[in-house]
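Read through the structure below, which is laid out as structure tokens, and then see the notes.
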Amino acid sequence: SDPMLKITVQVAIERHRLNKKLKESEEALRRERDLLAYLMDTAPIGIVRLDKQGKLTFANAAIQRELQAEPSQYTQHNFNEVSWNMTDYNGRPLADEELPFSRALNAGRLVSDIKVAVQPAGRERVYLSINAAPIYDSAGACDGVVMTVLNASQAVQAEAARRREWMRAQSYLDVAGVIMLALDTECRITMVNRQACQLLGYTEQELLGQSWLQLC
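For the sequence shown, position 73 matches number 93 in our numbering, and the numbering has no gaps at all.
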């Protein structure tokens, strides 16, 4: 038999095997990418990615729904976009170094529950709780930051409503001319009026949390 023909056939067989393996690897990679994209878009919380310069390169469907904006409105901006009007929960503007992107890079690790309020023009303020972590390439160099974003608006609004109710109840107590207080199930003081503080000789801070049975 012709040795050259035999070598040619073996090379063709090996090339076919390698091509088949390459296609299988590409198909497996495509499936993994499709699965990752599906997980990102169906995640119940917002997920965003920023490059190492702080430019947004990805925002999943959840964050788009929460802030009611198109993907292009995210991926064209940097982490400190002025139009988002980023503040803390009390309305104080946040400096760049206080934002999740900068804090994750400076810490070199995950930073959790960073409270940021955003209010794009013409929209209501949204209160967010953000976790941020740096990501690294195969050489160990920082390649950007990934963040998970939870809409905390309902919790913030509920706490504000609870605080308003507490202050209203406290005002009712304070106008009373007798000792008035509220106790929990273990007889600890949870609310007390000014009259009680004056008669008992304690400040409100000193009485709150104390056992009424021990004070009697």
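Quick reminder that beta carbons are idealized off the backbone N, C-alpha and C, glycines included.
Check this for me: beta carbons of residue i and residue j, under 8 Å apart or not?
| i | j | result |
| --- | --- | --- |
| isoleucine 134 | alanine 152 | yes |
| glutamate 86 | glycine 111 | no |
| methionine 106 | valine 138 | yes |
| isoleucine 199 | leucine 228 | no |
| cysteine 217 | lysine 72 | no |
| isoleucine 102 | proline 120 | The sequence shown places valine at residue 102, rather than the isoleucine named in the question. Result no, Cβ atoms of valine 102 and proline 120 do not sit closer than 8 Å. |
| valine 211 | alanine 189 | Here residue 211 turns out to be methionine, not valine, going by the sequence shown. Yes, Cβ-Cβ distance for methionine 211 and alanine 189 is below 8 Å. |
Leaving out the 5 sequence neighbours to the left and right, which residues in its chain are closer than 7 Å to residue i when beta-carbon positions are compared?
| i | result |
| --- | --- |
| tryptophan 186 | none |
| lysine 238 | This structure cannot settle anything about residue 238, because the visible part of the chain is limited to 21 through 236. |
| threonine 77 | Arg69, Leu70, Asp71 and Thr95 |
| proline 113 | Thr107 |
| leucine 219 | Ile199 |
| proline 23 | none |
Residues in the same chain with beta-carbon distance under 8 Å from residue i, minus the five sequence neighbours each way, listed in chain order, please.
| i | result |
| --- | --- |
| leucine 233 | Cys207 |
| proline 64 | Ala82 |
| alanine 124 | Leu130, Val131, Ala152, Ala153, Pro154, Val165 and Met167 |
Contact check, residue i vs residue j under 8 Å by CB: the rounded distance?
| i | j | result |
| --- | --- | --- |
| isoleucine 155 | valine 165 | 7 Å |
| leucine 203 | asparagine 213 | Contact flag wrong, Cβ pair sits at about 13 Å. |
Taking the straight line between their C-alpha atoms, what separation do you get for residue i and residue j?
| i | j | result |
| --- | --- | --- |
| serine 158 | lysine 43 | 24 Å |
| serine 173 | tyrosine 109 | 10 Å |
| threonine 223 | leucine 235 | 14 Å |
| alanine 175 | serine 149 | 11 Å |
| glutamine 225 | serine 231 | 13 Å |
| histidine 36 | glutamate 46 | 15 Å |
| threonine 136 | glutamate 118 | The question names threonine, but residue 136 is valine in the sequence shown. If you take the alpha carbons of valine 136 and glutamate 118, they lie about 10 Å apart. |
| lysine 40 | glutamate 52 | 18 Å |
| arginine 145 | tyrosine 192 | 32 Å |
| alanine 141 | glutamine 177 | 20 Å |
| arginine 183 | alanine 48 | 54 Å |
| glycine 160 | leucine 38 | 31 Å |
| asparagine 100 | alanine 127 | 18 Å |
| glycine 221 | glutamate 179 | 31 Å |
| arginine 50 | glutamine 84 | 25 Å |
| tryptophan 104 | glutamine 215 | 47 Å |
Under the rule that 16 or more other beta-carbon atoms within 10 Å means buried, what is residue i, buried or exposed?
| i | result |
| --- | --- |
| tyrosine 147 | buried |
| isoleucine 33 | exposed |
| serine 122 | buried |
| valine 31 | exposed |
| asparagine 80 | buried |
Among residues of its own chain, excluding the 5 on either side of residue i, which ones have a beta-carbon nearer than 6 Å to its beta-carbon?
| i | result |
| --- | --- |
| asparagine 171 | Glu86 |
| aspartate 61 | Asn80 and Ala81 |
| threonine 205 | none |
With 8 Å set as the bound, which would you pick, yes or no: does the beta-carbon of residue i sit closer than that to a beta-carbon of chain C?
| i | result |
| --- | --- |
| glutamine 234 | Absent here is chain C; the protein component of the structure consists of one chain. |
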